[in-house]
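Top to bottom, those sequences are chains A and B. Just so we're aligned: the first sequence equals residues -15 to 168 in this note's numbering. Just so we're aligned: the second sequence equals residues -15 to 168 in this note's numbering. Here's the structure, in structure tokens; my notes come after.
Number of protein chains: 2
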Amino acid sequence: MKKIILASASPRRKELLTTAGVEFEVLVSDADETIPDGTAPTDAAMITAEKKSLAVAEKCTDCVVIGADTIVVLDGKILGKPKDEADAASMLRFLSGREHEVITGVCLTDGNKTEKFAQVSRVKFYELTDGEIAAYVATKEPMDKAGAYGIQGKGCVLVESIEGDYFNIVGLPVAATVRALKKF
Amino acid sequence: MKKIILASASPRRKELLTTAGVEFEVLVSDADETIPDGTAPTDAAMITAEKKSLAVAEKCTDCVVIGADTIVVLDGKILGKPKDEADAASMLRFLSGREHEVITGVCLTDGNKTEKFAQVSRVKFYELTDGEIAAYVATKEPMDKAGAYGIQGKGCVLVESIEGDYFNIVGLPVAATVRALKKF
Chain A
-15 MKKIILASAS PRRKELLTTA GVEFEVLVSD ADETIPDGTA PTDAAMITAE KKSLAVAEKC
45 TDCVVIGADT IVVLDGKILG KPKDEADAAS MLRFLSGREH EVITGVCLTD GNKTEKFAQV
105 SRVKFYELTD GEIAAYVATK EPMDKAGAYG IQGKGCVLVE SIEGDYFNIV GLPVAATVRA
165 LKKF
Chain B
-15 MKKIILASAS PRRKELLTTA GVEFEVLVSD ADETIPDGTA PTDAAMITAE KKSLAVAEKC
45 TDCVVIGADT IVVLDGKILG KPKDEADAAS MLRFLSGREH EVITGVCLTD GNKTEKFAQV
105 SRVKFYELTD GEIAAYVATK EPMDKAGAYG IQGKGCVLVE SIEGDYFNIV GLPVAATVRA
165 LKKF
């Protein structure tokens, strides 16, 4: 059996795979994450996931490498990690009271064969007051997260409901990934 | 400000409220959880939540007590915690490949004023093989959980998608509860 490698520094992805009972190692590469303007969000997430996994597969023989990339999308606009606290507050104001999409692209590769897919989950935010946004930004939690929130952290109180895979929003559609790994 | 009391021994509910930043204490009572036959599932969850919170409120002055009860419902049948491993396997076979409801009833009370609500989330299970069911039952995770699975544990790989509040499935609709507490 090939060794399974997670090509991600995200502690959340690591925790999800561990919870699912997968044995793996983490190996992170600094793949270029630039995506051409105008790329559809789902494609963008899969392309970045593929870049991450291929960059690690080069350094590893007899491995299956998992790459993943999570983005937040509203009105066709892709929200990455906020640049600063003002940017985080502005993203949260943009998401307030509305439903957005969270897309995680996943790529599995052994360097030869490559399989990728993307999952889309929908997230409905509560209507947030300026005070609620300021209090949440002050926790610093938004700063390293796409869309400026973490549903699995203090951000749980911002979310009214979701549709799709919850773990996809956290950063890895773990059930689909485990099933894809078994087939791979 | 009144002290907030969680009337539940569930480590998951405790963790959710803590993550949301609520300061509280835990006080558990052994309220009678018998519900008359024929009670609608949503009512049953709210009635049990109310019994749990009122039993604790009796022992506590100047407190707001949170009671909660989570049930799993499919085809009008309420699934509680499995009696043994065979019962767990049979529940999982029943849920396999289908969509069921998870209902959490929540009650807030200070002994005088009482407010309660219930949230419904929908959970779609993957089609499970007998091998997958046996492997999951062998982890023992199903044994203390309504419906014989924990979405936040190894059970994450059984679930294809959800609709509604994820944390409601874990055992407490934490965002709605925090909002209700603020109003209360």
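Heads up, the beta-carbon is just placed ideally off N, CA and C, and yes, glycines get one too. As the structure is a computational prediction, the values presented were derived from the model and not from experiment.
Asked	Found
Residues near residue 38 of chain B by beta carbon distance below 7 Å, same chain, minus five either side	93
Proximity test, Cβ basis, 8 Å: residue 151 of chain A and chain B	yes
Beta-carbon proximity list for residue 153 of chain B, same chain, < 7 Å, skipping 5 on both sides	86, 105, 107, 135, 146
Amino acids of chain A, ordered along the chain, whose beta-carbon sits closer than 8 Å to that of residue 146 of chain B	146, 147, 148, 149, 150
The alpha helix (DSSP H) enclosing residue 163 of chain B, as first and last residue numbers	158 to 167
Residue 82 of chain A, buried or exposed, once every other Cβ within 10 Å from all chains shown has been counted against 16	exposed
Contacts that residue 3 of chain B makes with chain A (C-beta to C-beta distance below 7 Å)	137, 138, 140
Bridge partners - residue 101 of chain A, DSSP secondary structure assignment	A:90
Inter-residue Cα distance where the pair is residue 73 of chain A and residue 3 of chain B	21 Å
Beta-carbon neighbours of residue 159 of chain B, restricted to chain A and to distances below 8 Å	110, 140, 141, 142, 143, 144
Cβ pair residue 11 of chain A, residue 156 of chain A closer than 8 Å	no
Beta carbon proximity, residue 162 of chain A to chain B, threshold 8 Å	yes
Cβ neighbours of residue 162 of chain A in the same chain (closer than 7 Å, five flanking residues each side left out)	4, 6
DSSP beta-bridge partners of residue 83 of chain B	B:108
Stretch-stretch touch, CB-based, cutoff 8 Å, three pairs: the stretch 123 to 137 of chain A with the stretch 59 to 68 of chain A	yes
Outcome for residue 20 of chain B when other beta-carbon atoms lying within 10 angstroms are tallied against a minimum of 16	exposed
8 Å Cβ cutoff met for residue 58 of chain A and residue 133 of chain A	no
Euclidean distance between Cα positions of residue 40 of chain A and residue -13 of chain B	52 Å
Whole-angstrom distance between residue 142 of chain B and residue 109 of chain B, CA atom to CA atom	6 Å
Extent of the continuous beta strand (DSSP E) run through residue 7 of chain A	Where residue 7 of chain A is concerned, there is no enclosing beta strand (DSSP E), given that its DSSP letter is neither H nor E.
Residue of A:42, A:137, A:25, A:46 minimising C-alpha distance to residue 208 of chain A	There is simply no residue 208 of chain A to check, as chain A begins at -15 and stops at 168 in what is shown.
Residue 42 of chain A versus A:15, A:22, A:54, A:31, residue with shortest Cα-Cα distance	A:15
Of the residues A:121, A:79, A:25, the one placed nearest residue 111 of chain A, counting alpha carbons only	A:79
Start-to-end residues for the alpha helix (DSSP H) that takes in residue -13 of chain A	Residue -13 of chain A -> not in any alpha helix (DSSP H); beta strand (DSSP E) instead, spanning -13 to -10.
Backbone CA spacing between residue 120 of chain A and residue 167 of chain B [nearest angstrom]	19 Å
Extent of the continuous beta strand (DSSP E) run through residue 55 of chain A	47 to 58
N-terminal and C-terminal residue of the beta strand (DSSP E) that residue -6 of chain A is part of	First-last for residue -6 of chain A: undefined, no H or E at that position.
Beta-carbon contacts of residue 164 of chain B that lie in its chain and below 8 Å, excluding the five residues immediately before and after	90, 92, 99, 101
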